[in-house]
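Going by numbering that gives the first Met the number 0, the sequence shown opens with residue 0, and the numbers climb by one from there. Here's the structure, in structure tokens; my notes come after.
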Amino acid sequence: MPTANNSPVRPATKQTGKALTAKALLAMPKSAYMNPVQLDYFRDLLRKQRQDLLDNATMTIDHLRDGEAEADPNDRATIEEEHSLELRIRDRERKMLPRVEAALRRIEEGQYGYCEETGDAIGLGRLLARPTTPYSLEAQERHEARQRVQGR
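In structure tokens form, the structure reads like this:
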């Protein structure tokens, strides 16, 4: 998943055929915030992330089904530990999938890039680092502070 690096995500325009990079995205003027080119960038980034999550899940299912029983207890323990680690990773990814879907919905509804709590712009830098975030940094810090107080 590309983040705030210069890896291309998709063509920026049909005229140029050049891939838009995070660097080019950040170089755009603030007045261009969440313009169609930026929305296309994030839509494609999120779709790629969703497909990667689904592909990883399928790969894990196939990997676990194809496992052979090892006679040696040490080999069996190693394989079980690897499977356990893989399943924990996939569980984290499973929890990420609804966030990706919600971000894609926000793009379609015209709400992507703006804080669900305050309505303020989230900012390109934060969205590049965490494309699924629904909150500005300030709102996220308030949520985390509330969670600490509530003991969650």
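Glycine is no exception: its CB is placed at the ideal position from the N, C-alpha and C atoms.
Helix, strand or coil: which one does DSSP assign to residue i?
i: residue 0; result: Residue placement at residue 0 cannot be trusted, given a pLDDT of 38 that sits under 50; what the coordinates show is reported in the next sentence. Of the three classes helix, strand and coil, the one that applies to residue 0 here is coil, per DSSP.
Using 8 Å for Cβ pairs, my map puts residue i next to residue j. What's the rounded Cβ distance?
i: residue 126; j: residue 117; result: About 15 Å separates the two Cβ atoms, so there is no contact after all.
i: residue 106; j: residue 41; result: 6 Å
i: residue 25; j: residue 124; result: 7 Å
i: residue 130; j: residue 102; result: 6 Å
i: residue 138; j: residue 114; result: 5 Å
Taking C-alpha atoms, which residue in the options lies nearest to residue i?
i: residue 92; options: 57, 109, 78, 81; result: 57
i: residue 60; options: 134, 90, 147, 20; result: 90
i: residue 20; options: 36, 31, 77; result: 36
i: residue 65; options: 137, 115, 78; result: 78
i: residue 109; options: 73, 38, 142, 84; result: 38
i: residue 128; options: 112, 141, 34; result: 112
i: residue 83; options: 72, 71, 63; result: 63
i: residue 46; options: 140, 104, 134; result: 104
For a minimum of 4 consecutive residues, which ranges assigned as the alpha helix (DSSP H) are wholly contained in the segment 34-109? Every unbroken stretch of the alpha helix (DSSP H) spanning 4 or more residues and falling wholly within the segment 34-109 is given here in chain order: 35-64, 72-108.
Quick check: the segment 50-61 against the segment 90-100, are there 3 or more CB pairs under 8 Å? Under the three-pair Cβ rule at 8 Å, the segment 50-61 counts as touching the segment 90-100.
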